[in-house]
Amino acid sequence: MISKGALLACATLVFQVVHGQDVDVPLNSVVLSTPRTTVLYRGIENPLMVAIPGVPCDSLRVRFSAGRVEGRGCSYTIIPGVERRLTVHVEWTDNVGSVQVVQYEVRVKEIPLPEPYFAGNGADDDSLSTKAAKAAIGVIARVEGFDLKVPVTGYRLILERACELIFDGWSTEAKLSDDMRAALQACSPGDRLRIEEIRAKYPSGSQVDLDDLRFLLY
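To convert, note that position 218 of the sequence shown is 219 in our numbering; the numbers rise steadily by one, no gaps.
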């Protein structure tokens, strides 16, 4: 879940509101803000703030075209589904009894591609100690800027020594398989470790292929 504290750093977007019937009424402003500008992310909780300058939060009537929504007034949490866009509909009654209306479309996207890590090292690292390799538990996936778990659902682990294959095995979960652990316990400096065909599962349920990990052991 994205931390509610992220709202302190949210980007604010200002849109003009048109009167439901009378365009001669002076325009007001609606402030719609999320921690990540105009994008909501599929399958996770997205905090969303809706505010009208000069209008109390409890006077706002807010509807969403899709998603699972909690909240009222100015503060909401929404979990979008499969839709690519979501409409936010805001109404309120002004001080002369006229209804003001605004609608705004927000894009819905998958979270950014997770990054895989093994023994604390990622795709930008090219070496790994044999001690760390032997102590490793499995492969994890992280999404920078998001406080959420993206479970790894499988990968292939390959060990080479002097250009010869000494182990090639699969795991169907994040943890190392028993034969992977046994192979890593016998690894030596100079061996090459490759972790390929890494798969992870988005919160929305879809599967994604991650970058390979390649290390020279020392």
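Note that beta-carbon positions come from the ideal geometry of N, C-alpha and C, so glycine has one too.
Owing to the predicted nature of the structure, the values given are computational and were not obtained by experimental measurement.
Quick one, are the C-beta atoms of residue i and residue j less than 7 Å apart?
| i | j | result |
| --- | --- | --- |
| residue 139 | residue 185 | no |
| residue 68 | residue 80 | yes |
| residue 86 | residue 116 | no |
| residue 153 | residue 201 | yes |
| residue 158 | residue 196 | yes |
| residue 124 | residue 214 | yes |
| residue 114 | residue 45 | no |
| residue 84 | residue 109 | yes |
Around the C-beta of residue i, are 16 or more other C-beta atoms found within 10 angstroms, so that it is buried, or is it exposed?
| i | result |
| --- | --- |
| residue 47 | buried |
| residue 43 | buried |
| residue 41 | buried |
With a CB to CB cut of under 7 Å and the five nearest residues on each side skipped, what residues in its chain are close to residue i?
| i | result |
| --- | --- |
| residue 93 | 53, 56, 60, 61, 62, 101 |
| residue 74 | 58, 59, 61 |
| residue 64 | 90 |
| residue 70 | 77, 79 |
What would DSSP say about residue i, mapped onto helix, strand or coil?
| i | result |
| --- | --- |
| residue 179 | helix |
| residue 59 | helix |
| residue 149 | coil |
| residue 211 | coil |
| residue 28 | Its pLDDT being 37, under 50, residue 28 is placed unreliably in this model, and the value from its coordinates should be taken loosely. Coil, per DSSP. |
| residue 67 | coil |
| residue 163 | coil |
| residue 131 | helix |
| residue 201 | strand |
| residue 136 | helix |
| residue 124 | coil |
| residue 187 | coil |
| residue 44 | coil |
| residue 50 | strand |
| residue 77 | strand |
Cutting at 6 Å between CB atoms, please list the residues of its own chain near residue i, excluding the five before and the five after it.
| i | result |
| --- | --- |
| residue 118 | 141 |
| residue 66 | 87, 88 |
| residue 126 | none |
If I measure Cβ to Cβ from residue i and keep anything under 8 Å in the same chain, skipping five residues before and after, which residues do I get?
| i | result |
| --- | --- |
| residue 218 | 128, 129, 130, 131, 134, 188, 189, 190, 191, 192, 193, 194 |
| residue 155 | 171, 172, 173, 174, 198, 199, 200 |
| residue 143 | 115, 116, 118, 151 |
| residue 145 | 113, 116 |
| residue 181 | 158, 168, 170, 172 |
- [ ] Please specify which runs of the beta strand (DSSP E), each continuous and at least 3 residues long, are wholly inside the segment 82-119, giving them in chain order.
- [x] Within the segment 82-119, the complete beta strand (DSSP E) runs of at least 3 residues are 86-94, 100-110, 116-119.
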